[in-house]
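Heads up: the sequence shown at position 37 corresponds to 42 in the working numbering, and the numbers run straight through without jumps.
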Amino acid sequence: MSEKIVVCLEKGGARDMAEAFSRRTNTPISEKPGEHLTVLFNFIGKTACGALLN
């Protein structure tokens, strides 16, 4: 699962939520959205963005 999803933490994001999601789904945390489906944690909450490329 971790090959297709990236967790992105922006300024003001909830780091504890992003880290918990990352551990639960075994996905890496990045500072910028990736090529794949990105779960973005920012000051508003969490958002799914991006596209699966295959």
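From the three backbone atoms N, C-alpha and C, an ideal C-beta is built for every residue, glycine too.
message = Per the DSSP calculation, Gly34 is bridged to which residue(s)?
response = One point to set straight first is that residue 34 is Ile, not Gly, in the sequence displayed. Val12.
C-alpha gap between Lys37 and Leu14, whole angstroms = 8 Å
ask   = Using the C-alpha atoms, what's the distance from His41 back to Arg20?
value = 21 Å
query = CB-CB under 7 Å to Gly17, same chain, minus the five flanking residues each way: which ones, in chain order?
reply = Asn47 and Phe48
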